[in-house]
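Q: Got a structure for you, written out below as structure tokens; questions coming shortly.
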Amino acid sequence: MAVSQDTTDAAAAQLAATFSKTQSNFDAQLSWFEPAIVAMPDSQVTAFTEAEPRLKQYAHALARIRTQVGHVLTPDQESLLATFGTTFDSAEDIESTLDDADLTYGDIDYDGKTQPLTKGLRRVILENGDAKTREQATRQFAKAYYDHRYTFAATMQAHMHTQNTLARVRHYQSARDMDLSANQIPESVYDTLLDQTHAHLDLLHRYYVLRKRVLGLDTLHTWDLAIPLTGTKPPFAPTYEEAKATDLAALAPLGEDYQAHLEDEFAHRWVDVLETKGKTSGGFENVAYGVHPYILLNWTNTYDAMSTLAHESGHAMQSVYADESQPYWDHEYPIFTAEIASTTNESLLNAYMLDQTKGDHDKQVYLLTTAVEDFIGTVYRQSQFAEFEKYMYETESAGTPLTAGDLSAKYHEIEMTFYGPDVEANPWPEAYWAYIPHFYYNYYMYQYSTSKAIATTLANRILTEGAPAVAAYKEFLRAGNSDTPVNILKRAGIDVTKPDYLEAAFATFQSQLEALEAALEK
26 MAVSQDTTDA AAAQLAATFS KTQSNFDAQL SWFEPAIVAM PDSQVTAFTE
76 AEPRLKQYAH ALARIRTQVG HVLTPDQESL LATFGTTFDS AEDIESTLDD
126 ADLTYGDIDY DGKTQPLTKG LRRVILENGD AKTREQATRQ FAKAYYDHRY
176 TFAATMQAHM HTQNTLARVR HYQSARDMDL SANQIPESVY DTLLDQTHAH
226 LDLLHRYYVL RKRVLGLDTL HTWDLAIPLT GTKPPFAPTY EEAKATDLAA
276 LAPLGEDYQA HLEDEFAHRW VDVLETKGKT SGGFENVAYG VHPYILLNWT
326 NTYDAMSTLA HESGHAMQSV YADESQPYWD HEYPIFTAEI ASTTNESLLN
376 AYMLDQTKGD HDKQVYLLTT AVEDFIGTVY RQSQFAEFEK YMYETESAGT
426 PLTAGDLSAK YHEIEMTFYG PDVEANPWPE AYWAYIPHFY YNYYMYQYST
476 SKAIATTLAN RILTEGAPAV AAYKEFLRAG NSDTPVNILK RAGIDVTKPD
526 YLEAAFATFQ SQLEALEAAL EK
């Protein structure tokens, strides 16, 4: 992992390459294993597990493999499909190259100089620039994708066609059936999320009405959606040491054992903190089973950085509890539950900071705005993307090609439904769907929404119900991948097959929105 500390470190890069090659060789040597288990008749699996008691410890690992029964082809067919692995990924690779390497957004005048517009600078301008510059950055950004809409549409069509074809070849009802079954998630979870989000769009529209009124705008444009409501700089500038102390205090409701693990993380260098030359950007957590988790940060003295530390520590603590409780084959929690612990920590931090800053109007507004906009960006926004993704897969599967014009029209329709009547449509042609690389991740984005909703509900229970809710939450952390995500969450008091957890999350969002409205009225 040293290569993440310094991507120019040749020795570290060689170690990483050696590991990657070793892992690939290992996987190739074991490529026969899962197909052999899938090929067994149920009677043989039952006979083996009854005859050999030690197989009971692998019950869920075997069950996960057996979900592929009926979807694995003959060895020759599987071998043929394997040879096309790189081809299947080519649409995503081409899109990524076009977006990250070839696309340019022109120059823009900002901060007293003319400079190239980048994705990062665009975000800075949307949060800090004047209205004219924000509009210009939005227009130039949209033009870059619109000018390349036909190529982006071709890569999107190719990807959707490939996934739909694979689903048919493997005898799944649809690509969504194929992708959700990999995590043993019923398709009804997806539909319930979209239904509940639409049922609560009034709250989202209410926020845009609030933003329009507070900013004193006759017309609310998309380039007005990121500027601070208070018009002031963020009121928090914590150092790393201050952030550690704050996160410890904020996560105290999770108990002494959780605190002890956090202190171990902080005291024994699990975290690479400072931004340095050659370091991988952003932040992440990774775990080596039997050792401890590793966290990479690029620290800045901001509330967002403090929240990121709490977020990545949530991943780390889930790894710690799962590793303590589960054998290697069941320790790695699945994607569907991977963002719950991290976002629960974010919610607990925000609630703690709100409690600690009572009486400070600017800090209260900042924290409430952060909570509200985080929910919007994660639950509403990702649900919007999930709805569009579903449209693309179903349209292509029905035999209708995905053209640039149709994609833009449908995306605009869904986007304006989410924005509501108080957000003005941009007065230029767009292909914003081309900007979202997650559409190539195969029904991935809905899990951001479900995770945030689950975390919001769990954090609220932890703070209001105390010990019983904490105990149920700890059981969730310890579960790893020892059962299906649905069953693990049921034991934590969340039934994702029903709308209750979403209704509870939207109720919490409504209370935060009302608190923000009240604070801004002052």
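Numbering (this note's numbering), first residue to last: 26 to 547.
Just so it is clear, CB atoms sit at the ideal spot from N, CA and C, and this is done for glycine as well.
Do you know how far the Cα of glutamate 539 is from the Cα of leucine 226?
A: Going by the C-alpha atoms only, they are around 15 Å apart.
Q: Would you call aspartate 399 buried or exposed, if buried means 16 or more other Cβ atoms sit within 10 Å of its Cβ?
A: buried
Q: Could you tell me the distance, in whole angstroms, from the CA atom of leucine 235 to the CA atom of arginine 159?
A: Between leucine 235 and arginine 159, the C-alpha separation is close to 20 Å.
Q: Since I believe glycine 303 is in contact with threonine 43 (beta carbons under 8 Å), could you give me their beta-carbon distance rounded to a whole number of angstroms?
A: At roughly 20 Å, the Cβ-Cβ gap does not stay under 8 Å, so threonine 43 and glycine 303 are not in contact.
Q: What are the boundary residues of the beta strand (DSSP E) that phenylalanine 309 is part of?
A: Segment 309–312, the beta strand (DSSP E) holding phenylalanine 309.
Q: Kindly indicate which three-state DSSP category lysine 304 falls into: helix, strand or coil?
A: Of the three classes helix, strand and coil, the one that applies to lysine 304 here is coil, per DSSP.
Q: Below 8 Å between beta carbons: does that hold for arginine 486 and glutamate 500?
A: no
Q: Kindly list the residues whose CB is nearer than 6 Å to the CB of alanine 456, restricted to its own chain and excluding five residues on each side of it in sequence; keep chain order.
A: Tyr170, Tyr171, Arg174, Ser433
Q: Taking the alpha carbon of isoleucine 439 as the reference point, which residue from Tyr265, Arg406, Glu421 has its own alpha carbon closest?
A: Among Tyr265, Arg406, Glu421, the Cα nearest to that of isoleucine 439 is on Arg406.
Q: Measuring alpha carbon to alpha carbon, tell me which of His437, Trp453, Glu414, Gln535 ends up nearest alanine 186.
A: This sequence places histidine at residue 186; alanine is not what is there. Minimum Cα distance to histidine 186 is reached at Glu414.
Q: Is the Cβ-Cβ distance between asparagine 326 and glutamate 300 less than 8 Å?
A: No, these two residues do not count as a Cβ contact at 8 Å.
Q: Need the endpoints of the beta strand (DSSP E) that glutamine 140 sits in, please.
A: 138–141
Q: Ignore the nearest five residues each way along the sequence and tell me which others in alanine 459's own chain have a CB closer than 6 Å to its CB.
A: Closer than 6 Å at the Cβ level, and outside the excluded window around alanine 459, lie Tyr170, Phe177.
Q: Helix, strand or coil: which one does DSSP assign to proline 100?
A: helix
Q: In whole angstroms, what is the alpha-carbon distance linking alanine 429 and alanine 347?
A: 45 Å
Q: Could you name each continuous alpha helix (DSSP H) segment of 4 residues or more that falls completely within the stretch 456–498, going from the start of the chain to the end?
A: 471–490
Q: By alpha-carbon positions, which one of Asp355, Asp118, Gln343 ends up nearest to asparagine 465?
A: In the sequence as displayed, the identity of residue 465 is tyrosine instead of asparagine. The residue among Asp355, Asp118, Gln343 with its C-alpha nearest the C-alpha of tyrosine 465 is Asp118.
Q: Measuring CB to CB, does phenylalanine 410 end up less than 8 Å from methionine 470?
A: Between phenylalanine 410 and methionine 470, the C-beta gap is smaller than 8 Å, which places the two residues in contact.
Q: Could you check where the beta strand (DSSP E) with proline 510 kicks off and where it finishes?
A: It is not in any beta strand (DSSP E) - proline 510 instead sits in the alpha helix (DSSP H) that spans 510–516.
Q: Just list the alpha helix (DSSP H) runs in the stretch 36–86, keeping only unbroken ones of 4 residues or longer that don't cross its boundaries, in chain order.
A: 58–64, 67–76
Q: By DSSP's criteria, leucine 321 is part of a beta bridge. Which residues make up the other side?
A: Asp297, Phe309
Q: Classify aspartate 204: buried if its beta carbon has 16 or more other beta carbons within 10 angstroms, exposed otherwise.
A: buried
Q: With which residues is aspartate 132 paired in a DSSP beta bridge?
A: Pro141
Q: Enumerate in chain order the residues of its own chain whose CB-to-CB distance from leucine 40 is below 8 Å, with the five nearest sequence positions on each side excluded.
A: Ala27, Val28
Q: Are the Cβ atoms of threonine 369 and glycine 339 separated by less than 8 Å?
A: yes
Q: Thinking just about the alpha-carbon of each residue, which of Asn153, Glu310, Leu240 is nearest to the one in lysine 258?
A: Asn153
Q: Am I right that valine 390 and leucine 502 are in contact with their C-beta atoms under 8 Å? What's the rounded C-beta distance?
A: Not really, about 33 Å apart at Cβ, beyond 8 Å.
Q: Can you tell me whether DSSP reads valine 521 as helix, strand or coil?
A: coil
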